[in-house]
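Contents: one structure, followed by commentary.
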Amino acid sequence: MQRKGMDMEKILIVGGSSGMGLALARRCLQEGAHVIIAGRGEAKLDAARDGLGRPGALETAVVDVSREDEVAALFERIGRLDHIVSTAAAIEGAYRLLPDIELSAAQRVVESKFYGPLLLAKRGAPKLPPTGSLTFVTG
């Protein structure tokens, strides 16, 4: 029997509680995938989960991808995966006029957009099959 869509594929979407990540989670669920949406905010994850429905095919995970211990623990909990996607960005306070930007806000962006994907690849790649993928949205 030939598989259709994404049946039985397990996909981790970091940043899956809003924006592009949420839209991707919705589409993957429609295609038959098992989806794990992850992010820093439990309340946002809960709201996304409730909005997406599909409780048997959807999980949530609270994680700060800039912290290696949390990323390692996430992959220990998840186990086998087929695909990893990250759209996450800690942008609070970073998109202001230049004189108003605080260095700490800019550092959080770098941590989430550079170190986050680095740690996801380091800890997640060993969980992927040869046909798996890592996709990082950096814009």
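FYI, the numbering for the sequence shown is 34 to 172, going by the numbering used here. Think of the CB as a built atom: it goes at the ideal place given N, C-alpha and C, for glycine as much as any other residue. Keep in mind it's a predicted model, so treat the numbers as computed, not measured.
Outcome for residue i when other beta-carbon atoms lying within 10 angstroms are tallied against a minimum of 16
i, result
"S50", "buried"
"A139", "exposed"
"V143", "exposed"
"L57", "buried"
"G54", "buried"
"L130", "exposed"
"S166", "exposed"
Inter-residue Cα distance where the pair is residue i and residue j
i, j, result
"R82", "A66", "15 angstroms"
"V93", "P132", "According to the sequence shown, residue 93 is Thr rather than Val. Distance between the alpha carbons of T93 and P132: 37 angstroms."
"Y148", "V98", "8 angstroms"
"K146", "G89", "30 angstroms"
"G48", "P162", "22 angstroms"
"I69", "L107", "11 angstroms"
"K135", "M41", "One point to set straight first is that residue 135 is Glu, not Lys, in the sequence displayed. Looking at the two C-alpha atoms, the distance is approximately 44 angstroms."
"R59", "A154", "23 angstroms"
Proximal residues to residue i (C-beta, below 7 angstroms), its chain only, five neighbours per side dropped
i, result
"T164", "none"
"P150", "S119, F169"
"A105", "R156"
Other residues of its chain near residue i: CB distance less than 8 angstroms, five sequence neighbours each side excluded
i, result
"Q35", "Bear in mind that the predicted position of Q35 carries a pLDDT of just 45, short of 50, making it unreliable; the figure below should be weighed with that in mind. Contacts found: none."
"T171", "K146, P150"
6 angstroms CB neighbourhood of residue i in its chain, flanking five on each side removed
i, result
"R18", "The structure shown does not extend to residue 18, since the chain spans only 34 to 172, so no value can be given for it."
"L45", "I69, L114, I117"
"P79", "Strictly speaking, residue 79 in this sequence is Asp, with Pro absent from that position. Around D79: no qualifying Cβ."
Identified DSSP bridge partners for residue i
i, result
"V229", "Missing from the structure shown is residue 229; the chain here goes from 34 to 172 and no further."
"I111", "Looking at the DSSP assignment, I111 forms no beta bridge with any residue, so it has no partner."
"T168", "V118"
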